[in-house]
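S.K.: Numbering (our numbering), first residue to last: 358 to 532.
Encoded as structure tokens, here's the structure I'll be asking about.
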Ligand code: SF4
Ligand code: SF4
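Next up, the structure:
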């Protein structure tokens, strides 16, 4: 049972602003999910569920939901939605809202970017990749130590990494 006693009835206005389509038009058809690569993730990105959370005003639940950060910006859902809801924009709006609500909010994908140079759980799909005849790990900075060092050097120029440097350690710092 969903507890609505602390629900925020204005959440949809706060999250969406006036930049995206009207999410109240969503009729939960799941078309946006059918072509979404991140809907296969762990946990899956399910835009229609996120829309429901927003419309029900489940603020705390939405604030702690990491799935919008697994969107790969492929834009398929934008073209598929029959209601003009702009699902891709919904995910981006949630990300912006999460960061604005909590100045200490760290995008959950950031440690992953720091560790392996990319997100989207590609590194967790080793078995599937092998079955498809691919190398177990994709060719990325994650398997190129020198490039990884350069990548981290670049990340260290960003404020968010500098402000949270205790979380982002590497060989250079240890030395
Ligand atoms: S843009 Fe994001 S939410 Fe939309 S289909 Fe692609 S990965 Fe999924
Ligand atoms: S495709 Fe559009 S209407 Fe259907 S569930 Fe997704 S956002 Fe809602």
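Heads up, the beta-carbon is just placed ideally off N, CA and C, and yes, glycines get one too.
Remember, predicted model here, so these are calculated numbers, not experimental data.
Given 7 Å as the limit, tell me if residue 466 has its C-beta closer than that to any heavy atom belonging to ligand 1.
M.R.: Every heavy atom of ligand 1 is 7 Å or more from the Cβ of residue 466, so no.
S.K.: Is residue 411 near residue 470, with beta carbons less than 8 Å apart?
M.R.: No, they are not a contact pair.
S.K.: In chain order, which continuous runs of the beta strand (DSSP E) of length 3 or greater are located wholly inside the region 449-524?
M.R.: Counting only runs of 3 or more, we get nothing.
S.K.: When burial is assigned at 16 or more other CB atoms within 10 Å of the CB, is residue 531 buried or exposed?
M.R.: Residue placement at residue 531 is poorly supported in this model, since its pLDDT is 37, which falls under 50; the coordinates still yield a value, given next. Per the 10 Å Cβ criterion, exposed.
S.K.: Assess, as a yes-or-no matter, whether the region 429-439 is touched by the region 383-395 under the definition of 3 or more beta carbon pairs within less than 8 Å.
M.R.: Segments in contact, yes.
S.K.: Which whole-angstrom value is the C-beta distance of residue 442 and residue 374, which I expect to be below 8 Å?
M.R.: That belief does not hold up - the Cβ atoms of residue 442 and residue 374 are roughly 14 Å apart, past 8 Å.
S.K.: Could you give the distance in angstroms between the alpha-carbon of residue 467 and the alpha-carbon of residue 364?
M.R.: So the two alpha carbons sit approximately 29 Å from each other.
S.K.: Considering only the alpha carbon of each residue, which of 461, 453 and 395 lies closest to residue 519?
M.R.: When each option's Cα is compared against that of residue 519, the closest is 461.
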